[in-house]
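Under the numbering used here, think of the first position of the sequence shown as 36, with each following residue one higher. Even for Gly, the Cβ is constructed at its ideal location relative to N, Cα and C.
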Amino acid sequence: MGRKWASGVGPWLTMLLVHLTSALEVPLDPKVLEGLPQPPTITLQSPKDYIFDPRENIVIICEAKGKPHPSFSWTRNGSHFDVDVDSKVLMKPGSGTLVIDISGEKAEAYEATYQCLAHNEHGTALSNDIVVRQSRSPLWSKERTEAITVQAGVSLVLHCRPPAGLPPPLIFWMDNILQKLPLSDRVFQALNGDLYFSNVVPSDTRNDYICFARFPHTQTIQQKQPISITVLENSQSAERAPGFMAPVGASSTQMVLRGQELELECIPEGLPTPEISWRKEGGELPSNRMSIVGYQRTLRISSVVESDAGDYRCTAKNKLGSAEHSIKVTVQASPFWISAPRNLILAPNETGILNCRVSGDPKPKITWSINGMPVDNAPLDPSRKVEEDTVILNHVQSGSSAVYQCNASNEFGYLLANAFVSVLAEPPRVLTPPNNVYQVITNNMALLDCASFGSPMPTITWFKGSTTAIQNVDPYVIHENGTLEIHTAQPVNSGRYTCIATNALGIKENHVKLEVKEPTRILRLPEYKVVERNMDAVFECRVKHDPSLVPTVTWLKDNKALPLGDNRFVVEKDSLTIRDVSEEDKGTYTCIMNTSLDQDSASAMLTVVEATPPPPIVYEQPDPPSDLELTDQMDRSVQLTWIPGDEHNSPTQKFVIQYEDLLHQPDVWVNLTEVAGSGTTARLQLSPYVYYSFRILAQNHVGFSQPSHPSRQYRTNPAAPDVNPSDVQASGTDHNNLVISWKPLTGLQANGPALRYKILWRQKDADQEWVEETVANASRHVVTDTPTYAPYEVKVQAVNDYGSGPEPQLVLGYSGEDLPSSAPEGVQVMVHNSTLAEVHWEPISSSTVRGKLQGYKVYYKRERGVHETEAEAPEGAAPQTVTFGGDLSEGRLPGLRPYSVYDLHVSVLNGKGEGPPSPSRSFSTPEGVPEQPGFLEISNPNVDSLTLEWGPPLNHNGRLTGYTLKYQPVNSTSELGPAKLMTIAANQTSVTLVNLKSSTLYKFYFYATTIKGSGPSITKEAFTVMDTARPPGPVFGPLNATASEDGAMLNWEYFGQPRNIFVEYTVEHSKEEWKREAVNSSAHSFTIKGLKPGASYKVRVVARDPVTDSMVHSTEEELVSVPAVANRQVDIATQGWFIGLMCAIALLILVLLIVCFIKRNKGGKYPVKEKEEAHQDPEIQPMKEDDGTFGEYRSIESDTEDNKPLKGSRTASNGTVRRDESDDSLVDYGEGGDGQFNEDGSFIGQYSGKKEKDTHEGNESSEAPSPVNAMNSFI
């Protein structure tokens, strides 16, 4: 019989115990399982170490459950504790919890070790041993502290030594105003509370170093007597290398228990203050559990494990040296669980096992008890067997229920566990209500409950409909508690399900119904809106849902409900309209579509702006589709639905659907189909035995979107292959085999597991049966022991575990070939000319080809020249070959050497290689034209002669009859002159040409000839020497350069030999290269066009070598400045006539001023009448002196402002206007009407610039101007 296990108290009281691992407890629902027994189980108890505050009552907790409800008793220090005897002790009703009133009593009287026992008729459960102790906060022992005086720089320790409390106190150092003393890497509080100074400084001097101890349970604080420290200053403190104040010595040891926190401490001393670092010998510090605190002085490792044991080193270092201390850490362990015993519920005659597996260091001792009694003292039970940490119960009987205790202990602690064994005989019961209806959304998990109970444990079986048994295979999972799980529910899973609970005592069934609904999805999501003030905003929210579910739409603004009573918000079935939007309406709007099973939501933001011109339309790639769903699933097709993404102002043109085959080609996405841009669904045709995932890309005119998130995985069922391997071929690699090859099927084409290939073959026309062979994971098969090059019929068919592919096609092939066994006969050669011959042969019979005839291969090799003996023939030349395909019996041999003797043979070719050669045939080629001469050199140039030397051709191609020389002059424009021919004997190797022109370039063509004619020529060019009869002097005459608006004209003389003449120029001070323009060598002038106006150019004329282009002669460089183009707009101020006119006017005015000045000084009268006649136009009025002109005149504006009288009148002192008595008076032209005269009658102040002061004019100088000043004022 199988075991039944329970693992403690389960979260649901009505959950049934139907499996070994899930049978947690006996169900206690009285309506369903009334009367089922259960042994006691401790559910709550006080900690093992209970420290109480003597000012409060002692409360020792013990709670338990069972059926019937347990009663409670206690032991104290191992003996029965009668709680009824002590009036101070009270046990709570229905509970085992003790409340001890210690008011007015000595609390020490109740310090002891207590244990609770919970009993009912089925057994006894025990609590832990609870050690009850009183918390203590003793006073500090009186001691006299002496003042400490130390030299600066030395180390110092202030000991705290607090009183031992329960629990131990918390230590800290403060001053007499209760301020914490500052700590640092120099001043450090150790774990034991002592205060360490690595080195003291004068600022450490104080008289209030006080150690405080806080006792947490009593919330009291004790303090030590203040300690006084005086630090004596030294002129210079002695620096010293580090050492350790704690721990003492070079090494120390420390033990820590597994699971506790390890704290290692190193406190250095030295000057300067040392720095501390930590490391573990032979290992790494556990970074995830390690911290270094207290100014690097303390290494802390939490949750210690065995691997934390080892040697730890702390290193103190300052500039004078370093010191190390080694701490050997050992890890031991109080007992800890590996597997605690679990409750057992057994039927009669079943067998169960209780395991109590623990570990610890030292190894714990395990003892067993039954109902609180040591197993050795319990009544004998032949069905019970105890083996160290295991209790085996064989064929248990009714009435043998009990509670077993496992106690594991070592020197560091103990563990106690209760595990009951309940023996029940109960028929099956199904606790799940009948005819439950479960509703789930497609692609979600469906869980159909079948909660049951029985002893023995019932077996659960599920049926779909009335007859179809459900197996524990995909897509179904039957859990140990009887729940049926459909991991990814589909509409096809809808229907009526039946669960049947069966054990040896009976059978019980229950019916439930599953409805798989279509998901609720928002197809048209609300979009981001930018709306002008006082306009309407519309958010769409179109939803798709299951017809049987009624969705409700809720709109939120900024995650809050829409304002109540605001009629501007209009909620319709598929939209939200906000009328007459204002600034307050901006925010995030969320559409929530709810059904009873699911919901979907989408949000969009509203931005309210002032009326502005519409922004430019931005076109972008579409967003990827979302919410891919697979519905209407069939063996080879599925419906894919999606929600399009934002089109970004460019309509979607199409959707590309891709798939990934997670079984055969993971991480490879393949295009499956395309859908028009308006579509949101597609029927996908699928292949069997593929683990599909789908994704979609959207495309508009901008480009493709990013891929959507993949759909869920969809697995198609296996099937027989639909196709057979392609590219089936049959051919041999050896003369006695046949290799059958094919292109294997892809994983997508396999259609099922265990793909293999059935190969069939037989020799054609041989009346043979088909030979069959099946292979897997292969793309070829070799058939051996075949005849040479025999035809075979071949077929290859795909097969898997679900069947065979279609009838395969027949393929014809041949077994392997062998080398041909005979050579062509009747080989004949016909020579057509000096470089071409034709060869003939007789074809061999097909039986000797021994394969597929590829053609014939002709080998021919030049043995020697006709004029050479065999001894003179060159050695080592490789033969030439030419292949003639098919069954030809003749072919031509091009590219032969003239006047040569050749050797030739022919062999036959098939797919394997060449057959034996035919007998050799020799033939000779006639003479041909020679190759070009070996070289041509020109030497000894003179004024009218040149010497030519040459070498014979490398290959004469016949008997050499001589040479032909052709030459002609070349002028400066590369034009050729008349040609001359010369015939030269074959035995000559040089010739001298005379009567040539001096300083002239000649071109030479040189040929070798045979009786067949001239061969290719070799050419050379050379100059004759300049005629030295001309008197020596410069080759170029002076260079004259004249600039014009758009260029420069150059003139020169050239007396040298014919050369290439160039005019070259560049911008002055420029790094650009010289530009050049070619000039006829007979020309003596040239105009450079296109020069930049206003720029300066360097120019020169150069004669260059026509062959090397190097400079031979050059003129001196000249500088040419190109004039700037005149401005088309005429500035009148720069015109000569205007300047002259202004000078004349200025001179005339100067003369007039001088005359006036002389007249005034001499008392003469100014010819007023002539002046008046010269100024008849009343509109023309001279300007004032302060305007930069003559002081004699007044402006029109000034006249108006001063109410100037008419000409010929003057203003009297009373303001009346009267006619001047004298026409030649200058008063009318003065600055005022009160002109003054000096003794000789001349007018004073006429040119002084003095005038009346009014609101429009300021003070002016009264100094009489000189003519020079008047001219300066004009200018």
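Item checked: Residue environment, F970, which counts as buried when at least 16 other CB atoms sit within 10 Å -> Within the sequence shown, numbered from 1, the residue matching residue 970 stands at position 935. It counts as exposed.
Next item on the list: Taking only the alpha-carbon atoms, compute the straight-line gap between L379 and S457 and give it to the nearest angstrom.
Entry: Counting from one through the sequence shown, the residue named residue 379 turns up at place 344. Counting from one through the sequence shown, the residue named residue 457 turns up at place 422. Straight-line spacing of the CA atoms in L379 and S457 works out to 6 Å.
Checklist line | Span of the beta strand (DSSP E), counted from its first residue to its last, around L1011 | finding: Position 976 of the sequence shown, counting from 1, holds the residue named residue 1011. Premise fails: L1011 is in no beta strand (DSSP E) and is neither H nor E.
Note to self: My assumption, with CB atoms under 8 Å, is that T1045 sits in contact with E962. Please give the rounded CB distance.
What the structure shows: As a working mapping, residue 1045 is identified with position 1010 in the sequence shown. As a working mapping, residue 962 is identified with position 927 in the sequence shown. Here T1045 really is in contact with E962; their C-beta atoms are around 6 Å apart, less than 8 Å.
Next item on the list: Give the secondary structure of G188 by DSSP, where H, G and I count as helix, E and B as strand, and everything else as coil.
Entry: Position 153 of the sequence shown, counting from 1, holds the residue named residue 188. DSSP, reduced to helix, strand and coil, places G188 outside both helices and strands of the structure shown, so it counts as coil.
Check: So who's on the other strand from H154, going by DSSP bridges?
Finding: As a position in the sequence shown, residue 154 is number 119, starting the count at 1. Beta-bridge pairing by DSSP links H154 to S106 and T159.
Notebook entry, point to check: For H991, does the three-state DSSP call read helix, strand or coil?
Noted result: For the purposes of this step, residue 991 is taken as the residue at position 956 of the sequence shown. Here H991 sits in coil by DSSP.
Checklist line | For H157, the nearest candidate out of E808, F1058 and G434 (CA to CA) | finding: To locate residue 157, count along the sequence shown from 1; it is residue 122. In this structure, G434 is the residue among E808, F1058 and G434 with its C-alpha nearest to the C-alpha of H157.
Next item on the list: Could you tell me if E1104 is buried or exposed, where buried requires 16 or more neighbouring beta carbons within 10 angstroms of its beta carbon?
Entry: Here residue 1104 corresponds to residue number 1069 of the sequence shown, with the count starting at 1. The amino acid occupying residue 1104 in the given sequence is His; Glu does not appear at that position. Exposed, by the Cβ-count rule.
Checklist line | Neighbourhood of Q525 by C-beta distance below 7 Å, restricted to the same chain and skipping five residues each side | finding: Against the sequence shown, residue 525 aligns to sequence position 490. Excluding five sequence positions before and after Q525, the CB atoms of its chain that fall closer than 7 Å to its own CB belong to T477, V551 and Q668, given in chain order.
Check: Would you report the Cα separation of S583 and G530, rounded to the nearest angstrom?
Finding: Sequence index remark: in the sequence shown, residue 583 carries index 548 (1-based). Sequence index remark: in the sequence shown, residue 530 carries index 495 (1-based). Rounded to whole angstroms, S583 to G530 spans 15 Å at the Cα level.
Margin query: Within a Cβ cutoff of 6 Å, which residues of the same chain sit near R392, ignoring the five residues on either side of it in sequence?
Written below: Taking the first residue of the sequence shown as position 1, residue 392 is located at position 357. Scanning its chain for C-beta atoms nearer than 6 Å, with the 5 sequence neighbours on each side dropped, one finds around R392 the residues I373, S374 and D424, in chain order.
Next item on the list: Count the other CB atoms, across all protein chains shown, that sit within 10 Å of the CB of W777; report buried if there are 16 or more and exposed otherwise.
Entry: Looking up residue 777 in the sequence shown gives position 742. It is buried - the Cβ of W777 has at least 16 other Cβ atoms within 10 Å.
Check: Whose CA, out of V185, V737 and D581, lies closest to the CA of T666?
Finding: As a working mapping, residue 666 is identified with position 631 in the sequence shown. For T666, the nearest C-alpha among the options comes from D581.
Notebook entry, point to check: Taking all protein chains shown into account, do 16 or more other C-beta atoms lie within 10 angstroms of the C-beta of P1069, making it buried, or fewer, making it exposed?
Noted result: Here residue 1069 refers to the residue found at position 1034 when the sequence shown is read from its first residue. Counting every other CB atom within 10 Å of its CB across the protein chains shown gives P1069 a total below 16, marking it as exposed.
Item checked: Supposed contact pair S839 and A755 - C-beta distance, whole angstroms, cut 8 Å -> Position 720 of the sequence shown, counted from the start, is the residue given in the question as residue 755. Position 804 of the sequence shown, counted from the start, is the residue given in the question as residue 839. With 8 Å as the limit, A755 and S839 qualify as a contact, their Cβ atoms being about 6 Å apart.
Notebook entry, point to check: Which value, in whole angstroms, describes the spacing of the CA atoms of R956 and Y998?
Noted result: The residue given as residue 956 occupies position 921 in the sequence shown. The residue given as residue 998 occupies position 963 in the sequence shown. In this structure, the alpha-carbon of R956 lies about 36 Å from that of Y998.
Note to self: Let's test the definition: count the other Cβ atoms within 10 Å of the Cβ of M492 and tell me whether it reaches 16, buried, or not, exposed.
What the structure shows: Taking the first residue of the sequence shown as position 1, residue 492 is located at position 457. It is buried - the Cβ of M492 has at least 16 other Cβ atoms within 10 Å.
Note to self: If you measure between the beta carbons of L783 and V725, is that distance less than 9 Å?
What the structure shows: Counted from its first residue, the sequence shown places residue 783 at position 748. Counted from its first residue, the sequence shown places residue 725 at position 690. With respect to V725, L783 sits close: the two C-beta atoms are nearer than 9 Å.
Notebook entry, point to check: What number of angstroms, rounded off, separates the C-alpha of N1075 from the C-alpha of L1036?
Noted result: Translated into positions along the sequence shown, residue 1075 becomes position 1040. Translated into positions along the sequence shown, residue 1036 becomes position 1001. Between the C-alpha atoms of N1075 and L1036 there is a straight-line separation of about 30 Å.
Note to self: Tell me the DSSP secondary structure of P173 in three-state form.
What the structure shows: Counted from its first residue, the sequence shown places residue 173 at position 138. Coil at P173, not helix or strand.
Notebook entry, point to check: On the premise that A572 lies in contact with L519, defined as a C-beta separation below 8 Å, what is that separation, rounded to the nearest angstrom?
Noted result: Your numbering for residue 519 matches position 484 in the sequence shown. Your numbering for residue 572 matches position 537 in the sequence shown. In this structure L519 is not in contact with A572, their Cβ atoms being roughly 49 Å apart against a cut-off of 8 Å.
Next item on the list: Determine, using beta carbons only, whether E567 and T647 come nearer to each other than 9 Å.
Entry: On the sequence shown, position 532 is the one that residue 567 refers to. On the sequence shown, position 612 is the one that residue 647 refers to. One thing to note: E567 has its Cβ within 9 Å of the Cβ of T647.
Check: Are V1157 and D1081 touching if we call contact CB-CB under 9 Å?
Finding: The residue labelled residue 1157 in the question sits at position 1122 within the sequence shown. The residue labelled residue 1081 in the question sits at position 1046 within the sequence shown. Pairing V1157 with D1081 gives a Cβ-Cβ distance under 9 Å.
Checklist line | Minimum C-alpha distance to T365 - residue among P951, W677, E341 and I212 | finding: Indexing the sequence shown from 1 puts residue 365 at position 330. Among P951, W677, E341 and I212, the Cα nearest to that of T365 belongs to E341.
Notebook entry, point to check: Thinking just about the alpha-carbon of each residue, which of V167, E907, G113 and E140 is nearest to the one in L133?
Noted result: Stepping through the sequence shown from its first residue, residue 133 is reached at position 98. Check the Cα spacing between L133 and each of V167, E907, G113 and E140: the tightest is with V167.
Margin query: What does the Cβ neighbour count give for E98, buried or exposed, with the cut at 16 atoms within 10 Å?
Written below: For this step, residue 98 is matched to residue 63 along the sequence shown. Label assigned to E98: buried.
Notebook entry, point to check: For L125, which residues of its own chain have a beta-carbon under 6 Å away from its beta-carbon, when the five flanking residues on both sides are left out?
Noted result: Taking the sequence shown and counting its residues from 1, the one referred to as residue 125 is at position 90. Same-chain partners within the cutoff: V134.
Item checked: Own chain partners of V512 with C-beta closer than 6 Å, once the 5 adjacent residues on each side are dropped -> As a working mapping, residue 512 is identified with position 477 in the sequence shown. Excluding residues within five positions, the ones whose Cβ falls inside 6 Å are E520.
Next item on the list: Using three-state DSSP, classify M1177 as helix, strand or coil.
Entry: One-based indexing of the sequence shown puts residue 1177 at position 1142. The answer is helix: DSSP assigns M1177 an H, G or I state.
Notebook entry, point to check: So what's E98 in DSSP terms, helix, strand or just coil?
Noted result: If you number the sequence shown from 1, residue 98 lands on position 63. Here E98 sits in strand by DSSP.
Checklist line | V703, buried or exposed, once every other Cβ within 10 Å from all chains shown has been counted against 16 | finding: Working through the sequence shown from its first residue, we reach residue 703 at position 668. Looking at its Cβ environment, which holds fewer than 16 other Cβ atoms inside 10 Å, V703 is exposed.
Margin query: Please tell me whether A153 and A160 are closer than 9 Å, where the distance is taken between their beta carbons.
Written below: As a position in the sequence shown, residue 153 is number 118, starting the count at 1. As a position in the sequence shown, residue 160 is number 125, starting the count at 1. Yes, they are a contact pair.
Check: For E972, which residues does DSSP report across the bridge?
Finding: By 1-based counting over the sequence shown, the position of residue 972 is 937. According to DSSP, which records beta bridges pairwise, E972 is partnered with E984.
Check: Which whole-angstrom value describes the C-beta separation of V1029 and D979, a residue pair presumed to lie in contact below a C-beta threshold of 8 Å?
Finding: Counting from 1 along the sequence shown, the entry for residue 1029 is found at position 994. Counting from 1 along the sequence shown, the entry for residue 979 is found at position 944. Indeed, because the Cβ distance is near 6 Å, the residues count as touching under 8 Å.
Next item on the list: Put K1194 into one of helix, strand or coil per three-state DSSP.
Entry: Within the sequence shown, residue 1194 is the residue found at index 1159, counting from 1. In the structure shown, K1194 sits in a helix (DSSP, three-state: H, G or I).
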